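>
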Amino acid sequence: MFNKSDLIKINDYLWEIPKSYRKNMLVPARIYISEKMLDEVVKDRSLNQLVNLTTLPGIVKYSLAMPDIHEGYGAPIGGVFATKLPDGIISPGSVGYDINCGVRLLKSKHTEKEIRPYLGKLIEEIFHTIPSGLGKGGKFKLNISEMNRVLGRGIKHLKEKGYATENDIKHCESEGCLKADPCFVSDLAKKRGRDQVGTLGSGNHFVEVQEVTEVYEEKSAEELGLRKGQVVILIHTGSRGLGHQVATDYIRLFMQSMNKYNISLPDRELAAIPFSTPEGKKYFLAMGAAANFAWSNRQVITYLIRNAWKKVLGIREESIDLVYDVAHNIAKVEEHEVDGEMIKLIVHRKGATRAFPNQPVLIPGTMGTASYVLVGTEKSKEAFYTVCHGAGRAMSRHEAKRKTSGREVLQQLTKKGIIVKSGSLSDLAEEAPLAYKNVDEVVEVVHQAGLAKKIVQLKPLAVIKG
Amino acid sequence: MAYQYKVLSHPADVRLEIIASCKESLFQGALEGMAYIIKPNASQRGILKKEQIEIHSLDINTLLVDFLNEVLAKSDIYNCIFNKVKIKKLTDNSIKGIIEGRSVKEFSKEIKAATYHQLNITQDKKGIWKVIILFDI
């Protein structure tokens, strides 16, 4: 465990673990956090995991942690680092098993007052249309050639099939399509994913109908088409079993290959090899395919929501527009400034969100708490243009269930006027707001640190838990 | 053949501790423990499913995790909870056998993967095997 005295305070929201802290560190480690929140972070092993990232061959500048950091496996959740192309490493474990787990925000043209009378029926319709929970396949069964098209072209393929609009593509990170090769995705992964497009999954995945409750920056909110009182829909899910299998396949392959490239790491789960190797290139293209699958998953969910909206409210489905869609478990090749020079890097974000200047950033809260829309700033270049991805867990699932019950969570949310649909009361307890950090404090850190600026606050009206 | 397993706490995920009298029991215990996490008290009324498995890995540690991940993939594809393994051959880097389970309507919890994080199978002086596996939830 860490002592706070091991860290150097750079400013009120940025701390550094110097390179001298451990012999095998190649660069320092940095964490964006307030002093109050740091007192909690030092209690688990997340900072040790952050330091482990600094040992990865080819790493530049520093490893970074966002204020929603918590202990994971290999890399911490909320961990960011970049390695230099072509020989820096790529690490599937530092992307995570849920490749392109991400968040998508849809906006309606209606206010909370207008939607309230239909809300119960609307959420019921969405709950029955979009399979949540586990072992529940979706309505869309992909044959092998359809699967390969989804993996290769993401939502661009879905547009040709009538499930996406040009506007959806325009407002999606990387236009919902990374460079990919379906040939590098195993048959096992494809089998796992064949009925999972348009499904939520479980755990912390959700669909929430929300209301814009605060506007912090009128002009930026207007540019995004957001205004106070407006009803929006937030979707959180990823690449389901297909992505899990791609990660599993490549972490296994990388572990078997590391000796060949003389790489030894402090944690097996960090399994990493140079990007330029045949294995590295294959993973990058397989990861791209899984990312395309995740974007397609969120797109088909959007399509189903539009249909539910139309069915319940009897209005045109086009009245639900995409604000933005972000990935928060991904590795990307990007150009960044290092030592005054623009160079190509492989940026790994595990539980962290890309935040290019003026790009919308979506930060989901927990059931019953606020979510936020921010936009990236130029200052965020110091963080490889990255911010947090959510509230971040503060306690284990066991502890959450010791402190509350699903029934109690349901009662508390109902009392607040929030409609909740969930297949499992037990999952509700595990995902209770008390199990997470205070999202307002997390977002305030990235806002105050200047990495992104708050645009609007959203609060839930109805929640569907996976 | 004796084993016991216990689900342990973790800030974000779930850990499973298995203690067993022999290597075969360690694999059986890990399989049963994982099945318990996915669906505690799963009904035995579903359709029986048997699947052959053959896995080769770097060492005993990675073999155990690779075995569990193979089972997870099959669980996902067939909507089955596999909780028994009939081992035909087990070495320090390979396993061959048949897994058995039953179909279920849905799972209670999604395990994304068994991880290699801080994985260390040990055997004490009395011959007792022990391991803690971290599952990404």
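Chains as they are written, first to last, in my numbering: chain E, 5 to 470; chain Z, 109 to 245. Backbone N, C-alpha and C define an ideal beta-carbon position, used for all residues, glycine too. Note that this is a predicted model, so its numbers are computed, not measured.
1) Tell me where the alpha helix (DSSP H) around residue 255/E begins and ends.
2) At what residues does the alpha helix (DSSP H) containing residue 297/E begin and finish?
3) Which of helix, strand or coil does DSSP assign to residue 183/Z?
4) At a CB distance below 7 angstroms, what residues from the segment 182-201 of chain E approach chain C? Give them in sequence order.
5) Helix, strand or coil for residue 346/E per DSSP?
6) Can you tell me whether residue 127/E is helix, strand or coil according to DSSP?
7) Shorter than 8 angstroms from the beta carbon of residue 239/Z to some beta carbon of chain E?
8) Are there three or more Cβ pairs, one per stretch, closer than 8 angstroms when the segment 166-175 of chain Z is compared with the segment 256-276 of chain E?
9) Excluding five sequence neighbours on each side, which residues of the same chain lie with their C-beta closer than 6 angstroms to the C-beta of residue 373/E?
10) In the segment 32-44 of chain E, which residues sit with their C-beta less than 7 angstroms from some C-beta in chain Z, listed in chain order?
11) Could you check the C-alpha separation between residue 219/Z and residue 149/Z for me, to the nearest Å?
12) Consult DSSP for residue 125/Z and reduce its assignment to one of helix, strand or coil.
13) Determine whether the Cβ of residue 400/E lies closer than 8 angstroms to any Cβ atom of chain Z.
14) Could you name the residues of the segment 53-79 of chain E whose beta carbon sits closer than 8 angstroms to any beta carbon of chain Z, in the order they occur along the chain?
15) For residue 29/E, name the three-state secondary structure that DSSP assigns.
16) Run through the segment 207-231 of chain E for me and flag every whole beta strand (DSSP E) of 3 or more residues, listed as ranges in chain order.
17) What are the boundary residues of the beta strand (DSSP E) that residue 70/E is part of?
18) With 8 angstroms as the limit, tell me which residues of the segment 258-281 of chain E have their beta carbon closer than that to any beta carbon of chain Z; keep them in chain order.
19) I need the DSSP call for residue 244/Z, collapsed to helix, strand or coil.
20) If we count Cβ pairs, one from each stretch, closer than 8 angstroms, do we get three or more for the segment 185-195 of chain Z versus the segment 259-270 of chain E?
21) Ordered along the chain, which non-local residues of its own chain (more than five positions away) have a Cβ less than 6 angstroms from that of residue 160/E?
22) For residue 392/E, which option in 371/E, 364/E, 228/E and 407/E has the closest C-alpha, if you only look at C-alpha atoms?
23) Classify residue 333/E: buried if its beta carbon has 16 or more other beta carbons within 10 angstroms, exposed otherwise.
24) Going by CA-CA distance only, name the one from 234/Z, 226/Z, 161/Z and 158/Z that's closest to residue 79/E.
25) Under a three-way DSSP split, which group does residue 351/E fall into?
26) When you check each C-beta in the segment 200-221 of chain Z against every C-beta of chain E, which residues fall closer than 8 angstroms?
27) Kindly indicate the opening and closing residues of the alpha helix (DSSP H) around residue 422/E.
28) Give the DSSP-derived three-state secondary structure of residue 34/E in the structure shown.
29) Look at the alpha carbon of residue 410/E and the alpha carbon of residue 434/E, and state the distance between them as a whole number of angstroms.
30) Tell me, please, whether the CB atom of residue 224/Z is closer than 8 angstroms to any CB atom in chain E?
31) To the nearest angstrom, how far is it from the Cα of residue 400/E to the Cα of residue 175/Z?
32) Kindly list the residues whose CB is nearer than 8 angstroms to the CB of residue 171/E, restricted to its own chain and excluding five residues on each side of it in sequence; keep chain order.
33) Hey, how far is the Cα of residue 267/E from the Cα of residue 180/Z?
34) Counting contacts by CB-CB distance shorter than 8 angstroms, is residue 122/Z in contact with chain E?
35) With contact counted as at least three CB pairs below 8 angstroms, one residue from each stretch, are the segment 311-318 of chain E and the segment 289-296 of chain E in contact?
36) Are the CB atoms of residue 106/E and residue 242/E nearer to each other than 8 angstroms?
The short version:
1) 244-261
2) 282-317
3) helix
4) Protein chains E and Z are contained in the structure displayed, whereas chain C is not.
5) strand
6) helix
7) no
8) yes
9) 437 and 443
10) none
11) 17 angstroms
12) strand
13) yes
14) 74, 75, 76, 77 and 78
15) coil
16) 210-219
17) 67-77
18) 259, 260, 271, 272, 273 and 275
19) strand
20) no
21) 181
22) 364/E
23) buried
24) 226/Z
25) strand
26) 212, 213, 214, 215, 216, 217, 218, 220 and 221
27) No alpha helix (DSSP H) contains residue 422/E, which DSSP labels as neither H nor E.
28) strand
29) 8 angstroms
30) yes
31) 26 angstroms
32) 325 and 326
33) 29 angstroms
34) yes
35) no
36) yes
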